[in-house]
Amino acid sequence: APSEAAPPEAAPSEAAPSECEIQMPLSPKERVTSFEELRSYEAKRRQIYVKKLKSSSIYWRAFRDLLSRSYQETDRAETLMQGSIEANKAYAEYLQAAADDKLDYAGKPLNERNVKRFLSEKERKYSTLGTGSLLLGVSMRDNSNSSLGAGIGGGAGSTPPVGVHGGFSSLSPGGSGEEKRRKKMEASGNIVETTSFEGLPENSVLNSIIETHHNMAQKFEENYTFVKEVALAKTRELRKELESEVALMANLGDVTMYELERAEEDVQKAWAAYYTLASMNLGSSTVSPRTSTAQTNVNKNSVTDVWLVEMHYRMSVAYLTTIWEKCSAELSSLFASMKELECSRRFRLNELLILYMQRSERLWLSIPTMITSSM
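Take our numbering: the final residue in the sequence shown is number 692, and no numbers are missing along the way.
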């Protein structure tokens, strides 16, 4: 039974030629035909793939430019908001310092260390210039000259001149002399003045301007605080997200294009090596002038087996085909992600810019009413 089940001895030898056929060396005519077919294939392949690579490269550069302009626009919007914040903050500080009388002689706000010293110097200066009576809202119109004349006469009922005996205490609002003067002015139809900011008359234009400066400083402070905490913060966050996404996509796209270009370059180098070696072996009938010149520059250490060089070319073409399939899918996905990112960026940035302009509009529309009330 075992001997009957065994295959015949001739079976393996008969099956060998069909399973692994031994190829005989090609004739010179067949080698020329194979060479011409490969050359025709390479010409068509190069025409198609080089055009595809060029169009993909142009498309990728266009997307890179788009991402660069997108980042530039977002960064410019952030810088614009930052500048507006700094300008409004400085203007609010100057307005508040002017209203609080904390400006130096050059019109710049004083720091906390120099405020007391500077105000003390101003007080001494005012005190030197006539004891500062005019700055305390004490009107010396009308009867001030007659009172001064009576004081010089030294009568029993005379009123002492300003700054002679009683100083300001006798003429302060609510005193007997001031009360008589107020009643006399009310009877004559003159305006009765009351004191406000640092002793300035309440109905003074300067008093109204100071109050307007206070209100405007508050409005500008509210504006730059909101823009800084909301609009600028979100714009900065958008810019940072865009920067990271752009860097990632740019690196991925650059690597993909580099792989395609390198694979194409490898195919062209493999073809050049095969074409030169095959032309040398096939004889002068297939050698072009350009190839005959290259024959003299063949590297002595290069492979001289035509079959190996041809296999290297075919493997390079197969690798290029595989790379193109994968890279095309990757580039398509990358372009779709970039489009989605750009649409989202534009929408968010436009919303933030509209919000920024609305707050600016609210600020500038509130100023005319404040100015009109002081006039």
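The beta carbon of each residue, even a glycine, is placed where N, CA and C say it ideally should be.
| Check | Outcome |
| --- | --- |
| Between residue 670 and residue 580, how many whole angstroms is the CB-CB distance? I'm expecting something under 8 Å. | Not confirmed; about 44 Å, so no contact. |
| Helix, strand or coil for residue 610? Go by DSSP, reduced to three states. | At residue 610, the pLDDT of 46 sits below 50, so the modelled position is not reliable and the matter cannot be decided from this model. |
| When the Cα of residue 358 is compared with those of 550, 588, 626 and 681, which residue comes out closest? | 588 |
| Would you give the residue range spanned by the alpha helix (DSSP H) that residue 422 belongs to? | Taken as a continuous stretch (DSSP letters only), residue 422 belongs to no alpha helix (DSSP H), as it is neither H nor E. |
| Taking the continuous alpha helix (DSSP H) assigned at residue 538, which residues delimit it? | 522-543 |
| What's the call for residue 409, buried or exposed, on a 16-neighbour Cβ count within 10 Å? | buried |
| Is the beta carbon of residue 574 closer than 8 Å to that of residue 655? | no |
| Find the nearest neighbour of residue 679 within the set 548, 536 and 403, judged by alpha-carbon distance. | 536 |
| Report the residue from 530, 593, 433 and 557 whose alpha carbon sits nearest the alpha carbon of residue 627. | 593 |
| Going by the beta-carbon positions, is the gap between residue 577 and residue 370 smaller than 8 Å? | yes |
| Which residue comes first and which comes last in the alpha helix (DSSP H) that contains residue 589? | 550-599 |
| Just to confirm before moving on: does the CB-CB distance between residue 364 and residue 549 stay below 8 Å? | no |
| Is residue 375 near residue 541, with beta carbons less than 8 Å apart? | no |
| Going by beta carbon distance, what residues of the same chain come within less than 8 Å of residue 666, once the five residues before and after it are set aside? | 390, 391, 394, 552 and 555 |
| Put residue 654 into one of helix, strand or coil per three-state DSSP. | helix |
| If you draw a straight line from the alpha carbon of residue 349 to that of residue 362, how long is it in whole angstroms? | 20 Å |
| Does the beta-carbon distance from residue 570 to residue 658 come in below 8 Å? | no |
| For residue 623, tell me which candidate among 634, 596, 642 and 648 has the shortest Cα-Cα distance. | 596 |
| Consult DSSP for residue 680 and reduce its assignment to one of helix, strand or coil. | helix |
| Just how far apart, CA to CA, sit residue 413 and residue 529? | 10 Å |
| Determine the contact status of residue 662 and residue 523, defining contact as a CB-CB distance below 8 Å. | no |
| In terms of alpha-carbon separation, which member of 621, 583 and 668 lies closest to residue 630? | 583 |
| According to DSSP, is residue 649 helix, strand or coil? | helix |
| Which first and last residues belong to the alpha helix (DSSP H) in which residue 396 is found? | 345-416 |
| Is residue 648 buried or exposed, if buried means 16 or more other CB atoms sit within 10 Å of its CB? | buried |
| What do you reckon, is the C-beta of residue 579 under 7 Å from a heavy atom of the ligand ZN? | Among the components modelled here there is no ligand, and therefore nothing to report on the ligand ZN. |
| In the DSSP assignment, find the alpha helix (DSSP H) that holds residue 431 and state where it starts and stops. | 429-445 |
| Residue 352: which of 598, 531, 422 and 378 sits nearest, CA to CA? | 598 |
| So the candidates are 435, 531 and 388; which of them puts its Cα closest to the Cα of residue 684? | 531 |
| Measuring only the C-alpha atoms, how far is residue 674 from residue 641? | 48 Å |
| Would you please verify whether the beta carbon of residue 630 is less than 8 Å from any beta carbon of chain B? | Given the protein chain composition of this structure (a single chain), no chain B is represented. |
| Return helix, strand or coil for residue 621, following the three-state DSSP convention. | coil |
| So residue 416 packs on residue 534, CB below 8 Å; how close in whole Å? | 7 Å |
| Would you mind working out which of 688, 585 and 439 sits nearest residue 356, comparing C-alpha positions? | 585 |
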